[in-house]
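Take a look at the structure set out below.
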Amino acid sequence: MDTLLSLKTVAERTETSVALWRKLIARREIACARIGRSVRIRQSDLERFIGNRERPAR
């Protein structure tokens, strides 16, 4: 089973804001799991999301 990360944890790991991740979820740019009122992102989805945004060095 994949690890579920809170939005706060995701924001800390990526040095971004929780608001950014809420916007990405609202735009359906990243998948999430809702458990009650909690919103979680699978670690594999986060890694895939970051990997898809990498750009080669010039």
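If you read the sequence shown in our numbering, its first letter stands for residue 906, the second for the next number, and so on. C-beta: ideal position from N, C-alpha, C; glycine also. The structure displayed is predicted, hence computed values, not measured ones.
Since residue i is in the beta strand (DSSP E), which residue starts that stretch and which ends it?
i    : result
R939 : A938 to I940
S922 : No beta strand (DSSP E) contains S922, which DSSP labels as neither H nor E.
Using beta-carbon positions only, say whether residue i and residue j come within less than 8 Å of one another.
i    : j    : result
A916 : V923 : yes
I946 : I935 : yes
D907 : S943 : no
L910 : L951 : yes
L912 : R933 : no
Looking at the unbroken alpha helix (DSSP H) that takes in residue i, where does it start and where does it end?
i    : result
R953 : Q948 to N957
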